[in-house]
Amino acid sequence: MATLLIYGSYGYNGRLIAGEATDRGLEPILAGRDGEALAEQAADLGLEHRRFDLSDPAVVAEELSDVDCVLNCAGPFSNTADELVEACLESGTDYVDITGEIPVIERIRRRSDEAEDAGITLFPATGLSSVPMDCLAAHLAERLPGATHLALGAETFRPPSVGSITTLLEGLEDGGAIRDEGRLVHVPAGWKSRRIDFGRGTRPAVTMPLGDVSTSYYTTGVPNVEVYVFAPPPTRLALRAHRYVAPLLATGPVREGLKRVAQVAREGPSERARERGSTYFWGEASDGDERVVSRLRMSDPYVVTGACALAVTERVLDGEVSPGYRTPAGEFGPEFVLGIDEAAGFFDEGTP
Ligand SMILES: NC(=O)c1ccc[n+]([C@@H]2O[C@H](COP(=O)([O-])OP(=O)(O)OC[C@H]3O[C@@H](n4cnc5c(N)ncnc54)[C@H](OP(=O)(O)O)[C@@H]3O)[C@@H](O)[C@H]2O)c1
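Residue numbering for the sequence shown follows the numbering used here, starting at 1 and increasing by one per position.
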């Protein structure tokens, strides 16, 4: 059996993914920088564990020398992805992660040639961002060949995990981002708003710098991409206010204070909350004349993240994915998401 190592296995998403991987019979090696948390988790799951931090590339490469694929769940990925990718290039290990951070995806993509030379796959953003919306984007691009604009969006009601909050805070300093004629353009947080029917009636939504701004462009080649999330009034107000407080957020003490607040939610969404969760995805492609809309429904965002990440990881482990930077629908086609979790099919609207 090919060897999988899950880095950051004792974080909120890492725990869910390690448990699910074990249920699927993958027997991953658990890894991270907290020996105690690892030992406890490894005993619970009956798995091997390795403690190493990411400060010394040579040590990381050595730890990965007998590993076929790393699944990185340690975020914010701005602090972990470059280090693990560097080591993977050295050790010849395939790399998969669940980042939704645009700068991280862009940096990994720039190493595609190096990865091809090393014979390894670089597969970032295999969680909620970007598997469902990447497949939706590819489906829309097939429905409307020659589309010039893509708008994608997600609606969910789950409270985020502490890691997601911390990562959001890290990214807040940069504001938002969209794709404009193929270029990544920085815009303020919550730059545009519109009302979107994600599948349960029209809701207010604002632009968000999710990883899909990067991924869906590389998959479809559609040059203009905006990504929206459902935003109830308090969120919209907070985002508007963020334009004025962003310089303040950039100061270390304020950021650290907000992170401490986030630690209060350490446990993350409960099992019961996950069981009841659902996520609605919406996408629109247009070419100036025609417009098509498709939708997709899946379960809880964290369940979706684990299911998507493991669906990709299993294919990488099986040797089905070629070397270089890869995107979900670019590699497996738009239907890849169907059958993962509860995604039964695309709901299409519009003529083509
Ligand atoms: N793309 C998506 O759709 C999606 C979905 C869900 C989550 N995410 C992202 O996944 C990440 C993890 O979320 P979470 O809720 O699992 O967070 P979490 O509970 O805070 O866990 C984070 C994990 O990362 C490790 N870590 C963080 N920084 C590290 C570093 N510099 N070196 C080594 N290990 C480090 C932590 O280890 P220590 O405890 O030792 O620090 C911990 O194991 C977040 O960035 C989140 O935004 C993305």
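Backbone N, C-alpha and C define an ideal beta-carbon position, used for all residues, glycine too.
The structure presented is a predicted model; accordingly, all values stated were derived computationally and were not measured.
Query, Result
"Return the bridge partner residues of HIS204 from the DSSP annotation.", "Strictly speaking, residue 204 in this sequence is Pro, with His absent from that position. Per DSSP, ARG195."
"CA-CA distance, ALA18 and ASP287?", "43 Å"
"For THR22, verify whether its CB is less than 6 Å away from any heavy atom of ligand 1.", "no"
"Are there any heavy atoms of ligand 1 lying less than 6 Å away from the beta-carbon of ASP34, as far as the coordinates show?", "yes"
"Note the first and the last residue of the continuous beta strand (DSSP E) segment covering ASN13.", "From DSSP, ASN13 is part of no beta strand (DSSP E) but of the alpha helix (DSSP H) over 12–23."
"When the Cα of MET370 is compared with those of PHE336, ILE340, VAL227, which residue comes out closest?", "A question about residue 370 goes unanswered here, because the residues of the chain that appear run from 1 up to 352."
"With DSSP run on the structure shown, which of helix, strand or coil describes GLU90?", "helix"
"Tell me whether PRO334 is buried or exposed, calling it buried when 16 or more other Cβ atoms sit within 10 Å of its Cβ.", "buried"
"Helix or strand or just coil, what does DSSP make of VAL225?", "strand"
"Is it buried or exposed for LEU248, if we count other Cβ within 10 angstroms and need 16 for buried?", "Annotation note: pLDDT 48 at LEU248 (below 50); position unreliable, coordinate value reported separately. Classification for LEU248: exposed."
"Mind checking HIS139: buried by the 16 CB within 10 Å criterion, or exposed?", "buried"
"Quick one: what's got a C-beta closer than 6 Å to GLU349's C-beta in the same chain, skipping five residues either side?", "VAL293"
"Counting Cβ pairs closer than 8 Å, one from the stretch 176–184 and one from the stretch 214–229, do we hit at least three?", "yes"
"Give the DSSP-derived three-state secondary structure of SER410 in the structure shown.", "What is shown of the chain runs 1 to 352, which leaves residue 410 out entirely."
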